[in-house]
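First up is the structure itself, then whatever we jot down about it.
Protein chains in written order, with the numbering used here: chain A, 1 to 349; chain B, 350 to 643; chain C, 644 to 926.
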């Protein structure tokens with residue numbers, strides 16, 4: 001039973017994982033991650049990569065929505081920009097894949113700042129609407145800039161090349177996607193150990209006080225949006241290398257809602273929440289696929305494939321509503337409760 | 350350049366006609382915002398549900414129009430009350446961001462439900478409006494848009510009058526102004542919330558039926574709501590007058606853009622308008638600039 | 644330290660503030676000397692918080708000027724005023740409820756820190772050093788001084804009102820301000836808490852050299868602590884000077900107690916209290 005932990009230096013106090021137990025579990029988890037690709041079949045590897053990409057994107061959105069309190073419905077648009085940038089660079093110039101990812105991030109970041117400049121000056125609500133607009137405009141660009149983007153048929157992306165090896169299946173991509181996601185999570189966690197992250201939270205909680213303390217609201221809101229868009233762009237690039245195809249329809253508004261749901265379900269303002277939320281939201285459609293496959297739909301004249309998409313849409317929305325009403329702090333809070341039970345056992349919480 | 354004035358007039362009339370419907374839906378939005386301080390991004394989807402319920406009653410169940418329309422509106426009202434009670438009321442003390450996100454979830458649920466029950470394909474509503482084109486001078490106006498506009502005008506006027514003189518209307522305005530004071534005056538504030546959502550849902554339902562009659566219904570109808578959002582931002586989130594003026598203006602701009610530049614550029618024009626208003630007058634033409642008490 | 648006209652730290656001249664048709668402030672002028680404790684008092688609605696909000700930069704005055712350290716700050720945004728050395732606490736506590744006490748205080752130092760977004764993302768050694776130095780300084784100078792070490796990791800939402808006010812003071816101190824604006828620092832506090840706060844304010848002035856400008860209703864505290872008192876009523880300065888001078892000023896008395904002839908009032912009171920009926924006989 002662990003009630004408290006004594007630290008002997010300030011640095012130790014602010015460490016990310018501050019107890020021997022946590023560090024041990026971290027090592028165990030890392031080892032498990034390394035062993036996983038050798039024991040899992042293709043389907044689970046595919047899912048793992050997808051979860052990792054979604055975690056990367058969700059952590060970006062969490063920085064903006066969970067920590068800074070600005071709702072964005074444009075995550076899919078920025079991912080699309082990153083994906084297309086990566087696709088175009090890879091197809092036309094065959095530039096190194098890490099460089100492409102960074103470029104994708106930058107393009108998305110620039111677009112984000114463009115969207116953010118007018119809409120962040122007033123209420124946060126306007127950003128939400130502006131991001132919907134950004135999605136519509138992005139879709140317009142993707143479909144009409146045919147010379148660059150291949151129009152409605154989109155682009156086929158050649159596999160990423162790392163040290164001469166072509167990353168053309170889930171197994172190989174796993175070893176690239178998971179570490180990149182890990183780095184992005186670490187970056188996000190680091191942000192909140194410094195003044196930048198604290199400023200974001202201050203803006204969410206009480207922006208007038210934040211101003212009085214010297215935090216220029218527009219500057220920091222833009223920064224939060226820029227970082228979040230950068231993350232989305234990189235995740236979009238990973239998406240392009242993973243699915244090997246990008247079309248204007250790959251990044252619909254419902255995908256933005258998916259990521260917003262992931263942030264809410266996982267727990268707003270929590271790095272662990274980004275991981276849990278993304279994993280949960282990625283696995284739920286798979287679960288639904290299974291369930292729908294079991295149901296005797298033919299008897300009712302239904303078709304499993306047809307109802308899957310609308311049911312998914314309903315579930316995304318339902319997750320948002322249910323979690324906001326009943327568990328606003330998300331899965332991360334549930335996790336914390338379980339941990340408390342273990343810490344304080346045999347005492348009750 | 351030879352401007353065909355009658356053509357311009359014709360396009361403008363069509364734009365104003367659509368504008369009337371934007372104004373009507375904008376009114377529903379403003380009502381919800383004024384009474385419950387919730388930014389309802391699902392307003393377009395509520396419009397869509399209204400159209401589909403009418404579709405279910407008239408085409409699905411074969412009810413005559415004079416039954417289907419009131420029936421659909423009643424269901425819309427009940428739906429509005431249900432949403433308010435189950436999704437909005439629990440979020441009362443939370444931040445406005447939370448209730449906003451709930452409406453995002455709601456919009457997703459509604460789109461999914463429509464796609465599930467009726468598929469994503471476009472459908473046609475049964476005809477119930479006269480079909481003879483209306484002639485004004487040398488300009489022709491589509492009869493559906495013409496009658497749709499006047500339905501909108503009639504409904505807006507009715508709602509405004511009712512809320513001016515009816516007790517419930519006064520209660521609504523009082524609650525919009527100051528919730529705590531309204532409570533202490535004996536106004537049943539939760540009931541006012543329900544009323545606002547019920548009426549707004551019904552108004553959106555009417556708009557949905559009309560819009561659906563003009564352009565058909567589909568699960569993507571919610572995009573109408575996007576233009577409505579621009580309308581209310583343009584006019585001011587809590588201003589009824591703003592919704593009216595904004596609706597007509599946006600309708601006009603869209604129609605002119607659609608004809609002279611191209612149909613696919615309509616939405617681009619709307620969003621350019623959005624950016625302009627955010628830069629020049631972020632609180633909208635008639636919106637109140639909230640001075641925060643420190 | 645740069646000071647301007649006659650060495651004043653803050654010079655408010657002819658400040659006029661209008662809200663629609665309401666004139667919240669009319670031609671308010673006063674100055675704050677460095678190293679002093681100045682109090683702004685007046686009945687409710689006199690415009691005291693409006694003065695503060697104008698000095699902070701949230702309201703734009705329709706006329707008048709504010710000079711801080713000899714330079715006009717009328718066109719300086721609130722965040723930049725913080726960087727110049729203007730700190731402030733709020734009447735209704737404005738702490739960040741989603742954070743712990745420690746994080747709130749760290750935010751006070753925000754404008755003096757240098758870590759940028761890139762350094763933050765990678766948590767470079769420079770960023771780490773800055774964070775550690777920040778933590779050390781806050782612990783040793785502020786948390787110790789204000790006696791809040793037992794609650795440093797507590798979420799602020801769970802603290803009592805008095806402690807929250809103290810945390811707000813701690814956060815303002817972390818700004819290393821030259822001028823500290825305290826908006827009703829002891830509102831709602833009991834005797835003991837008020838005395839603690841008064842002690843802290845005096846030590847802040849003595850040990851840290853910070854000038855204090857406060858709005859307060861607690862007359863005892865105002866008179867005991869202040870070097871200079873400014874009295875507002877209906878948006879105008881009706882008196883200013885030493886506490887004893889202001890206390891004796893009949894305008895000030897009238898503002899608080901209402902106008903009217905005190906002697907006539909006393910006479911009528913005596914008359915009302917005198918029995919007109921022999922109550923014993925009735926009973």
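Think of the CB as a built atom: it goes at the ideal place given N, C-alpha and C, for glycine as much as any other residue. Since the model is a prediction, treat every value here as computed from it, not as a measurement.
- One alpha carbon belongs to residue 142 of chain A, the other to residue 271 of chain A, and they sit about 32 Å apart.
- Among the residues of chain C, those whose CB is under 7 Å from the CB of residue 202 of chain A are 739, 750, following chain order.
- DSSP places residue 705 of chain C outside any alpha helix (DSSP H), giving it a letter other than H or E.
- At a Cβ-Cβ threshold of 7 Å, residue 634 of chain B and residue 562 of chain B do not count as neighbours.
- Along the length of the segment 72-96 of chain A, whole alpha helix (DSSP H) runs at least 4 residues long occupy 75-93, reported in chain order.
- Under the 8 Å Cβ criterion, the segment 495-508 of chain B counts as touching the segment 363-377 of chain B, having at least three qualifying pairs.
- The three-state reading of DSSP puts residue 333 of chain A in helix, counting H, G and I together.
- The C-beta distance from residue 57 of chain A to residue 235 of chain A rounds to 4 Å, short enough to fall under 8 Å.
- Note that the C-beta distance between residue 199 of chain A and residue 739 of chain C is not below 7 Å.
- Cβ-Cβ separation between residue 748 of chain C and residue 785 of chain C: approximately 6 Å, consistent with a contact (criterion under 8 Å).
- The beta-carbon distance between residue 160 of chain A and residue 46 of chain A, rounded to whole angstroms, is 16 Å. This is too long to meet the 8 Å contact definition.
- Boundaries of the beta strand (DSSP E) around residue 483 of chain B: 483-485.
- Taking C-beta separations shorter than 6 Å and ignoring five residues to either side along the sequence, the partners of residue 204 of chain A in its chain run 68, 69, following chain order.
- DSSP links residue 160 of chain A through a beta bridge to A:167.
- CA-to-CA, the gap between residue 361 of chain B and residue 273 of chain A works out to about 51 Å.
- For the beta strand (DSSP E) assignment, the uninterrupted runs of no fewer than 3 residues enclosed by the segment 413-485 of chain B are, from N- to C-terminal side, 483-485.
- Contact annotation: the segment 655-663 of chain C touches the segment 704-711 of chain C, with at least three C-beta pairs closer than 8 Å.
- Listed by position along chain B, the residues whose Cβ is nearer than 8 Å to that of residue 328 of chain A are 443, 447.
- DSSP places residue 603 of chain B within a helical segment (H, G or I) once states are collapsed to three.
- For the set B:637, B:356, B:582, the Cα lying nearest the Cα of residue 485 of chain B is the one of B:356.
- Closest by C-alpha distance to residue 503 of chain B, out of B:353, B:376, B:489, B:359, is B:376.
- As the crow flies, the alpha-carbon of residue 98 of chain A is around 28 Å from that of residue 269 of chain A.
- Judged by DSSP in its simplified three-state form, residue 883 of chain C adopts strand.
- For residue 129 of chain A, the nearest CB of chain B lies under 7 Å from its own CB, placing it at the interface with that chain.
- Taking C-beta separations shorter than 6 Å and ignoring five residues to either side along the sequence, the partners of residue 836 of chain C in its chain run 805, following chain order.
- Counting along the chain, residue 656 of chain C sits inside no alpha helix (DSSP H); it lies in the beta strand (DSSP E) bounded by residues 653-662.
- Contact between residue 196 of chain A and residue 722 of chain C is ruled out by a C-beta separation of about 15 Å, above the 8 Å threshold.
- Of the residues B:627, B:621, B:636, the one whose Cα lies closest to the Cα of residue 136 of chain A is B:621.
- The continuous alpha helix (DSSP H) containing residue 24 of chain A extends over residues 20-39.
- Proximity of the segment 822-837 of chain C to the segment 849-858 of chain C meets the contact definition, three or more beta-carbon pairs being nearer than 8 Å.
- At a cut-off of 7 Å between C-beta atoms, residue 763 of chain C counts as an interface residue with respect to chain A.
- By the C-beta density criterion, residue 696 of chain C is buried, having at least 16 other C-beta atoms within 10 angstroms.
- By the Cβ test, the segment 8-26 of chain A is in contact with the segment 769-779 of chain C, since at least three Cβ pairs between them sit closer than 8 Å.
- For the pair of segments examined, the segment 555-572 of chain B was found not to touch the segment 317-328 of chain A: the number of CB pairs separated by less than 8 Å stays below three.
- The continuous alpha helix (DSSP H) containing residue 775 of chain C extends over residues 768-780.
- According to DSSP, residue pairing for residue 597 of chain B in a beta bridge does not occur.
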